[in-house]
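Numbering (this note's numbering), first residue to last: -19 to 93.
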């Protein structure tokens, strides 16, 4: 059996205290990281604003796009108004026609959207 000097007992107590402090620090840092992650997720979910918020559907939406701001037409369909109209005309010449309930413009817009 070894004789433990008072200094080694003090060192053991200091080491135990240091280990406890490290454990507390790890818990605090883990909680902080988890809180930041939760805040980021909550902000991304709650801070979302709808982009496509028109209440119009179908052919009325196409008319709204054609009569509205040019950038909105480009943002939704990826082409300018004059290009969309020319494409629709060309497709009509090649045989695309209105279906029972969907206009040619709406069919092209659905394809492009």
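Note that beta-carbon positions come from the ideal geometry of N, C-alpha and C, so glycine has one too.
Considered as a whole, the region -17 to 57 harbours -14 to 26, 39 to 47 and 50 to 57 as its complete alpha helix (DSSP H) runs of no fewer than 4 residues, in chain order. Judged by DSSP in its simplified three-state form, residue 63 adopts helix. The C-alpha of residue 0 lies about 10 Å from the C-alpha of residue -6. Put simply, the backbone Cα of residue 62 is about 10 Å away from that of residue 50.
In the displayed model, residue 76 falls within coil according to three-state DSSP, outside both helix and strand. In the DSSP assignment, residue 88 falls within the unbroken alpha helix (DSSP H) covering 84 to 92. The region 33 to 45 makes contact with the region 78 to 85, as at least three CB pairs between them are under 8 Å. CA-CA distance, residue 69 to residue 79, rounds to 16 Å.
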